[in-house]
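Counting in the numbering used here, the sequence shown runs from 1275 upward without gaps.
Positions of the beta carbon are idealized from the N, C-alpha and C atoms, including for glycine.
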Amino acid sequence: NGVEAKLADDGELLVKGGIVFKGYYRNQEATASTLVDGWLHTGDIAAEHPDGSFSIVDRKKDVMITAAGKNLTPSLIENTMKASPFIKECIVIADRRPYPIALVQIDFETLRVWAEKAGLTYTTFRSLAENPAVVKLVNDEVQRLNQRLARVEQIKKIKLLTKELDHDDGEVTATLKVRRAKINETYAADIESLYEEQAVSA
């Protein structure tokens, strides 16, 4: 169909061909940054497969760069962690940081069943998330799933959220997509303490 696609050095998907638009209406600056030599810079980070197809991994603007200059794709790490039945939500923090850490929301329903079988007593979401046995279980899950990731992508420390992320608090959108900026702001003290703890124990 006359469409070419390739990956830029940073993994961004570039597309060329008849389907590509001619530019933004009366916005030369935006056009110049999006269309370069006929290649449309999609803003998507993609992975190329042996059969020549591509799959979108993340938005380029969401890619994080660690203090050491390593590019990380947060959604790849987060989705790897969410393969655990005990992890409902995972928010990776790594931008301009020495290594990735994560805020984790437990899957309350799955853990409720697990806790009852294990004979743990709890009363609320918070008391379940703060139970040492639950903290250990989720930490073990993160360590297990870390093995699927490159060393630089592996989560070094986690903090279990003591409540579910809430649309009313602006933490997620109406479609339950995490608002990273809001989470970073709300949990700033927790995030800093995770990095400080590591520094003390290192």
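Taking buried to mean at least 16 other C-beta atoms within 10 Å of its own C-beta, is residue 1425 buried or exposed?
exposed
Below 8 Å, how does it come out for the segment 1410-1418 and the segment 1441-1454: are there three or more Cβ pairs, yes or no?
no
Taking residue 1452 as the reference, give the member of 1378, 1465, 1387 and 1385 with the closest Cα.
Selection 1378, 1465, 1387 and 1385 evaluated against residue 1452 yields 1378 as nearest (Cα-Cα).
Look at the alpha carbon of residue 1363 and the alpha carbon of residue 1454, and state the distance between them as a whole number of angstroms.
12 Å
Once DSSP output is grouped into helix, strand and coil, what is the label at residue 1438?
coil
DSSP on residue 1328, reduced to helix/strand/coil?
strand
By the three-class DSSP mapping on this structure, what secondary structure does residue 1426 have?
helix
Own chain, CB closer than 7 Å to residue 1285, minus 5 neighbours either side, in chain order:
1319 and 1320
Just confirm the distance between the C-beta atoms of residue 1431 and residue 1468, as a whole number of angstroms; I'd bet it's less than 8 Å.
5 Å
Could you name each continuous beta strand (DSSP E) segment of 3 residues or more that falls completely within the segment 1349-1413, going from the start of the chain to the end?
Runs of the beta strand (DSSP E) inside the segment 1349-1413: 1361-1367 and 1375-1380.
How would you call residue 1346, buried or exposed, if buried means at least 16 neighbouring beta carbons within 10 angstroms?
buried
Reduced DSSP secondary structure (H/G/I, E/B, other) of residue 1478
No information on residue 1478 is available, as it lies outside the stretch 1275 to 1476 that the chain covers here.
Rounded to whole angstroms, what is the Cα-Cα separation between residue 1465 and residue 1370?
13 Å
Below 7 Å between beta carbons: does that hold for residue 1354 and residue 1423?
yes
Taking the alpha carbon of residue 1380 as the reference point, which residue from 1338, 1365 and 1290 has its own alpha carbon closest?
1365
Using the DSSP secondary-structure output, state which residues sit across from residue 1321 in a beta bridge.
1329
To the nearest angstrom, report how far apart residue 1460 and residue 1435 are at their CA atoms.
11 Å
Does the beta-carbon distance from residue 1292 to residue 1317 come in below 7 Å?
Against a cut-off of 7 Å, the Cβ pair of residue 1317 and residue 1292 comes out as no contact.
Suppose the cutoff is 6 Å on Cβ atoms and the five residues either side in sequence are ignored; what does the same chain contact list for residue 1373 look like?
1430
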